[in-house]
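Q:
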Amino acid sequence: MSDFTDAVLALRRRGRRPGRPASPMARREARWGYAFISPWIIGFVLFWAVPIAASLVFSVLDFQLTDPGATTFAGGSNWERALSDPDTWTALAATFRFTVLFLPLSLIVALGLALLLNSKHLKFTGLFRLLFFAPSMIPLVAGILIWQQVLNPQTGWVNRLIGLTGADATGADGIRWFDNPVLVLFAFSFIGLWGIGNSMIINLAGLQGIPTELYEAAAIDGAGWWRRLRSITLPLLSPVMFYNLVIGSVLVLQYFVVPWVLFGASGRPGGASRFLLVHFYQEAFVFGNMGYGAALAWLIFIVVAVLTGLLFGTARYWVHYGTERS
Amino acid sequence: MNTDAKPTDVKHTDAAVRRRRRGLLLTGCTTLGALLLAAVFLMPLGYGAATALKDKDGVSDPNASILPVSALTFEYEGEELDVYAVPMPGGEVRELALVEPGREASVFVDPEDPGAGTVDWEGRWRTLEPVTGLDPQWGNFEEAWNTIDFLRLMGWTLMYALTTMLFTVVSSAVVAYGFARFRFPGRGLLFGLLMATILLPPAVTLVPKYAVFLQMGWVGTYLPLIVPQLFANAFNVFLLRQYFLTIPRELEEAARIDGAGPIRTFLRVIVPQALPALTAVSLFHFFYAWNDFFEPLLYLAGNREIVPIGVGLSYFSGVYNSEPHLILAAAILALALPVAIFLAAQRVFVRGIVVTGVDK
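Chains A and B, in that order, are what the protein sequence lines are. Taking the numbering used here, I'd label the letters of the first sequence as residues -19 to 306. Taking the numbering used here, I'd label the letters of the second sequence as residues 52 to 411.
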């Protein structure tokens, strides 16, 4: 298991170590330890703990941003509104639809590219690693603008390439990537796949960490490529895949920049770009409904917490814990 | 004996040759496949570069060439003449400039050899294909640079990226040292809490933070973006702690015996030892800041004069959406510096990514 997941799981293990009487030296060490981590503790309280709690308070207030004195108690009305607002359900649906499409897609592509880069049959590995990683270094907004043009129905290369096969891609009934609520998810995915470099590199490092003796032994036993992938590579790579899955799902549930740059708060086409965070941003900071916004933010918090909790809960069934560490 | 051995020998080398050939074939196919995949993956970049160099007509015409081309012209006796592909009676096709258009017959001149005089041609010139040549519009970049006020965007972006880089690297290194080297009650729990902030959605903190920053008069300035960076960041702490753990303790013990306190030890022993990790974290943060969109959009709201490059680009694309060549030129300007830095510092970078995701 990676140290990252280990650290998070430590939150569930408490009181493991019996308290020992602290020697003066140990107390001195502890004081220095707290001193060194104090910037983070202060930051955690100021920018995480207090705001999260305050958000909960805000969500039961009708907060007036320009005149805080006029704030009134709203009870559960913001929460009621959050759950009955059709836009919330549109946003939840849009977010989940895209998550279900993009998360597996990005995990598989990142794994596929890593397997390719790790293949002993590939020449110029360094060059290919660079080529596949490079788009991740392109500033996101620049990447979005490039994809917006390359997917232009009439003049973009994607449709013109599809047109070469004889399909009517560029015409009036052509492929309109940004006007169709399903196709637009693929447009989002293409843009997302450009940022896959990090997971690819992490997968690659994981693959390189698998002892070659295992493959040699399997080859002697007559295991083919697919069998070796299923029985050696995937289990041993599962901690890395778990890390990518957790980070990926947290990021995709907070998807914002791409839909915002392409469609603003319009939700076009057909609500497909009204993601949870777009909905929240518009309500809280465009319309100034701070109380309602706080309720939506807590809703996002709950969605993310439930999903990551589920992922951590399933980890024990499929994430391979190293034999050396029990 | 001799005659017996020969066939098996041949068979043996045959198998080896076949195996080698199969290996070569696999290598060829894999590498070729990877090349194709890379071409598809990077195709939009080629499109962006080609389109950024087109003129406006070349962008909007769906049948235009994929490269930035324009009709060739030739200056003859003080006039700009269009060049056409003219089929000559002999069957060859010559590229000639149209001097005197006529209904059924026209007069041309050879741009290669204008001294040879004019060429008369029978036929309708309107049926002729104009000759095009590569004509990259480098001026697009200049126009995009000026329209977007690129220097101002760069200036603010660099100010933001470098200030916060300094703040976050210093504070994260201090915190990481605390977690790496000191034993104190609750260390595992606190570290887990720190890691959990990676998973927490920042949205849940924004409403109260925004309200407070607004009361403090910080909204519309960089303060809400810069000040929180003084308090360490989970990713950076994690990466630096992993690195600090690999530094041998003997070095610190030697310093302690010489009478150095924890602060001196940190500055004199750890920081010099951890320069590669500190560089990696600095680079990561630089890219993060260059890319940062949501928080600048939120906290700088209404102050278009000071937005960093991501937000600036999105405003620009909203206003200039009928001029894709300028948008793409601006996008390429925006990606030039980060990509150049990445190419120069690739190694540090890749190692840093590995540390965050893989068991050490």
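Think of the CB as a built atom: it goes at the ideal place given N, C-alpha and C, for glycine as much as any other residue. Please read these numbers as outputs of a predicted model, since none were measured by experiment.
1. In whole angstroms, give me the CA-to-CA distance for residue 192 of chain A and residue 298 of chain B.
2. So with CB distances below 8 Å, who are the chain A contacts of residue 262 of chain B?
3. Quick one: give me the first and last residue of the beta strand (DSSP E) that residue 171 of chain B is part of.
4. By the criterion of Cβ-Cβ separation under 8 Å, what are the contact partners of residue 191 of chain A in chain D?
5. Rounded to the nearest angstrom, how far is the Cβ of residue 123 of chain A from that of residue 171 of chain A, given a contact under 8 Å?
6. Could you name the residues of chain A that residue 267 of chain B contacts, counting a contact when the two beta carbons are closer than 8 Å?
7. Quick check: the Cα distance between residue 214 of chain B and residue 221 of chain B, rounded to an integer number of angstroms?
8. Where does residue 366 of chain B sit, in a helix, a strand or coil, going by DSSP?
9. Could you tell me which of B:242, B:218, B:252 and B:310 sits nearest to residue 274 of chain B, measuring between CA atoms?
10. Quick check on residue 303 of chain A: does DSSP put it in helix, strand or coil?
11. So, for residue 98 of chain A: in the same chain, excluding its five sequence neighbours on each side, which residues have a beta-carbon less than 8 Å away from its beta-carbon?
12. Residues in its own chain within less than 7 Å of residue 44 of chain A by CB, not counting five upstream and five downstream?
13. Given a cut-off of 7 Å, decide if residue 48 of chain A and residue 260 of chain B are closer than it, judged by their beta-carbon atoms.
14. Would you tell me roughly how many angstroms separate the C-alpha atoms of residue -17 of chain A and residue 293 of chain B, rounded to the nearest one?
15. Classify residue 343 of chain B as buried or exposed, calling it buried when 16 or more other Cβ atoms lie within 10 Å of its own Cβ.
16. Just to confirm my understanding: we take residue 259 of chain A, look at its own chain, exclude 5 residues before and 5 after, and list those with CB closer than 7 Å. What are they?
17. Would you list, in sequence order, the uninterrupted alpha helix (DSSP H) runs of no fewer than 4 residues that lie entirely inside the segment 147 to 229 of chain A?
18. Assuming the contact rule is C-beta atoms closer than 8 Å, residue 250 of chain B and residue 299 of chain A should be a hit. Round their C-beta distance to whole Å, please.
19. Would you list, in chain order, the members of the segment 138 to 163 of chain B that have their beta-carbon closer than 7 Å to a beta-carbon of chain A?
20. The alpha helix (DSSP H) spanning residue 46 of chain A covers which residue range?
21. Measuring CB atoms only, is the segment 224 to 242 of chain A touching the segment 200 to 215 of chain A, in the sense that at least three cross pairs come out at less than 8 Å?
22. Run through chain A and tell me which residues come within less than 9 Å of residue 365 of chain B, C-beta to C-beta.
23. Would you please verify whether the beta carbon of residue 77 of chain B is less than 7 Å from any beta carbon of chain A?
24. When the cut-off is 7 Å and only beta carbons count, does residue 203 of chain B lie next to chain A?
25. Span of the beta strand (DSSP E) holding residue 319 of chain B?
26. Along the chain, where does the alpha helix (DSSP H) that runs through residue 238 of chain B open and close?
27. Find the residues of chain B that neighbour residue 99 of chain A, judging by a C-beta separation of less than 8 Å, and give them in chain order.
28. Kindly indicate the opening and closing residues of the alpha helix (DSSP H) around residue 102 of chain A.
29. Using a Cβ-Cβ distance cut-off of 7 Å, determine whether residue 204 of chain A contacts chain B.
30. With 7 Å as the threshold, decide whether the Cβ of residue 295 of chain B is near any Cβ in chain A.
31. Between residue 233 of chain A and residue 212 of chain A, is the Cβ-Cβ spacing less than 7 Å?
32. Within a Cβ cutoff of 7 Å, which residues of the same chain sit near residue 169 of chain A, ignoring the five residues on either side of it in sequence?
33. Sorted by chain position, which residues of the same chain lie with C-beta nearer than 6 Å to residue 199 of chain B's C-beta, five sequence neighbours on each side aside?
34. Give a yes or no on whether the minimum CB-CB distance between residue 94 of chain A and chain B is below 7 Å.
35. So, at 7 Å on beta carbons, what are the nonlocal neighbours of residue 377 of chain B in its own chain, with the 5 sequence-adjacent residues on each side left out?
36. Of all the beta strand (DSSP E) runs that stay within the bounds of the segment 72 to 154 of chain B, which reach a length of 3 or more residues?
A: Taking the geometry as given:
1. 28 Å
2. Ordered by position in chain A, the residues that pass the 8 Å Cβ test against residue 262 of chain B are 38, 43, 45, 48 and 270.
3. 169 to 173
4. This model lacks chain D altogether; the protein chains it does include are A and B.
5. Here residue 123 of chain A really is in contact with residue 171 of chain A; their C-beta atoms are around 6 Å apart, less than 8 Å.
6. Listed along chain A, no residue sits closer than 8 Å to residue 267 of chain B by beta-carbon distance, the nearest being about 13 Å off.
7. Going by the C-alpha atoms only, they are around 11 Å apart.
8. Note: residue 366 of chain B maps to helix in three-state DSSP.
9. B:218
10. Residue placement at residue 303 of chain A cannot be trusted, given a pLDDT of 48 that sits under 50; what the coordinates show is reported in the next sentence. If DSSP states are grouped into helix, strand and coil, residue 303 of chain A belongs with coil.
11. 184, 187 and 188
12. 50 and 51
13. No, these two residues do not count as a Cβ contact at 7 Å.
14. 9 Å
15. buried
16. 67, 68, 71 and 276
17. 163 to 173, 177 to 188, 192 to 200 and 205 to 208
18. About 16 Å separates the two Cβ atoms, so there is no contact after all.
19. none
20. Segment: none, residue 46 of chain A is in no alpha helix (DSSP H) and carries neither H nor E.
21. At 8 Å Cβ cutoff, the stretches do not touch.
22. 121, 124, 125, 237, 240 and 241
23. Residue-level contact check: residue 77 of chain B touches chain A, since one or more beta carbons of chain A fall below 7 Å from its beta carbon.
24. no
25. From DSSP, residue 319 of chain B is part of no beta strand (DSSP E); its letter is neither H nor E.
26. 238 to 250
27. 81
28. First-last for residue 102 of chain A: undefined, no H or E at that position.
29. no
30. No, its Cβ sits nowhere closer than 7 Å to a Cβ of chain A.
31. no
32. 81, 82 and 85
33. 367 and 381
34. no
35. 191, 194, 195, 198 and 371
36. 120 to 122, 124 to 127, 130 to 138 and 144 to 151
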